[in-house]
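For reference, the structure is listed below as C-alpha cells.
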Amino acid sequence: MDQKIIARGGLFTGVMLLVIGICVLPLAIGLLSSYPHQLWPLGLLLFASSALMIAGSVKSLRSSSKKLKQADEQMRLLKKTPAINLSKPPPNAGGDETAAPLSINSVLARWTYTEEEWKKFYAWELKDRKLSAVVTGLVIAVVSSLLFKFYRETSWWVVIAICATISILYSMLSYHFAISSIGRAVKLPNTVVITGNAVLINDKLNPFADEDRWMGEVKILEEPDPKVLEITYHWNTRKGSTSDEIHVPIPKGKLGEAVLLMDQLSKIREQ
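Its first residue numbered 0, the sequence shown is counted upward by one per residue in numbering that gives the first Met the number 0.
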C-alpha cells in the first residue's frame with residue numbers, strides 16, 4: 000500500500016485522538032474536583048483515558064510525520080538514482096569478478112510501459128483486487144454474524160444488517176486503498192522503480208521490507224497479459240502475521256530482466 004496513504008492515515012488518527020483527549024480532559028477535571036462525591040472515581044477514569052489518548056496521539060503524530068518525511072526522501076532519491084544492470088552487477092571492493100552484495104536501497108529495475116500494456120495490467124489488477132475484496136467481505140460477514148449471534152440474543156435480521164454493513168465498508172475501503180496505490184499516469188509514461196525494499200509505482204511508494212514488514216515469496220505470474228511480478232510481504236498484527244502482494248507488470252522484452260530481478264530479491268531476502 001502507498002506509504003503516504005498510511006502515513007496520512009496515522010496523522011488523521013493522531014489528530015482525532017488529540018481532539019477527543021482534550022475534549023474529555025475538562026469533564027474529567029470537573030468530576031475529580033467533586034471529591035468526595037460518588038462520581039469522582041469516574042473522573043479519575045476519564046482523566047486516565049484522556050492522558051492515554053493524548054499520549055497515543057503524540058506518538059502517532061511523531062511516527063507518521065517521520066514516515067512521511069522518509070517516504071518523500073526515498074522517492075526523491077529513487078527518481079535520480081540509475082538502475083543497476085543485473086546481468087552485470089557491480090564488482091566487489093577488491094575489484095575482482097565477484098559481485099558485491101546489493102543494498103536494499105539499490106535501484107534494481109526501472110520500467111516504463113506503453114499505454115496498452117498499462118491498460119491491460121490495470122484491468123487485470125482491478126479484477127483481482129475486486130475478487131479479493133468480495134471474498135474477504137463475505138468471510139467477515141459470515142464469521143462476524145455467527146459470533147454476534149452466539150454472544151448476543153439478537154434477531155438474525157439485525158445481525159445480518161450490522162455485519163453486512165461492516166463487511167461492505169471494509170471491502171470498499173480495502174479495494175480503494177489497494178487500487179489507489181497503483182494509479183495511472185496522465186501526461187507522463189507509466190513508470191515503476193523497484194528496489195530491494197520497495198516499489199515506486201507512478202510516484203506511489205509501496206514498501207515491502209522495513210522495520211514493520213518483511214519480504215516473502217517473489218514469483219512471476221504467467222497467466223496475465225502482460226506477465227506480472229508478484230512480491231509478497233508480511234507484517235505482524237495483534238492476532239498474528241498477515242500478508243499482501245504488490246503486483247508489477249513486466250514490459251515487453253523485459254522477461255529475462257524480471258527473472259534476474261526475482262533472483263536478486265530472493266538473495267536480498269536471505270541476507
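Backbone N, C-alpha and C fix where the C-beta goes; we use that ideal spot for every residue, glycine too.
Drop a sphere of 10 angstroms on the beta-carbon of residue i, count the other beta-carbons inside from all chains shown, and report buried for 16 or more, exposed for fewer.
i, result
"Y34", "exposed"
"W156", "exposed"
"K66", "buried"
"G195", "buried"
"F207", "buried"
"G246", "Position check: residue 246 holds His in this sequence, whereas Gly was assumed. Classification of H246: buried, given that the 10 Å Cβ count is 16 or more."
"R128", "buried"
"A122", "exposed"
Go ahead and pull the three-state DSSP assignment for residue i.
i, result
"K218", "strand"
"H246", "strand"
"V226", "Position check: residue 226 holds Lys in this sequence, whereas Val was assumed. In the structure shown, K226 sits in coil (DSSP, three-state: anything other than H, G, I, E or B)."
"S240", "strand"
"S265", "helix"
"K203", "strand"
"H175", "helix"
When the Cα atoms are used, what is the spatial distance from residue i to residue j?
i, j, result
"T97", "K266", "With a pLDDT of only 49 at T97, under the threshold of 50, the placement of this residue in the model should not be trusted; the figure read from the coordinates follows. Roughly 15 Å between the two C-alpha positions."
"V18", "T135", "33 Å"
"P250", "S59", "39 Å"
"T231", "E244", "4 Å"
"T12", "I161", "24 Å"
"M261", "S143", "39 Å"
"I159", "L145", "10 Å"
"P188", "V14", "37 Å"
"N104", "W39", "55 Å"
Identify, in the order they occur along the chain, each residue of the same chain with its Cβ nearer than 8 Å to the Cβ of residue i, setting aside the five sequence neighbours on each side.
i, result
"A82", "V106, L107, A108, R109, V192"
"M52", "L16, L17, I19, G20, V23"
Quick one: what's got a C-beta closer than 6 Å to residue i's C-beta in the same chain, skipping five residues either side?
i, result
"H233", "W213, G215, S240, S242"
"A70", "Q2, K3, L204"
"A27", "G42, L45, F46, S49"
"L199", "L77, V192"
"R268", "M214"
Give every residue of the same chain whose Cβ lies closer than 7 Å to the Cβ of residue i, excluding the five residues on either side of it in the sequence, and list them in chain order.
i, result
"L43", "L31"
"D209", "N196"
"D224", "K119"
Taking 8 Å as the threshold (C-beta atoms), are residue j and residue i in contact?
i, j, result
"L125", "D1", "no"
"S62", "V23", "no"
"L85", "Q263", "yes"
"F120", "P25", "no"
"I219", "A163", "no"
"S170", "V133", "yes"
"K226", "L259", "no"
"T190", "T113", "no"
"D202", "M74", "yes"
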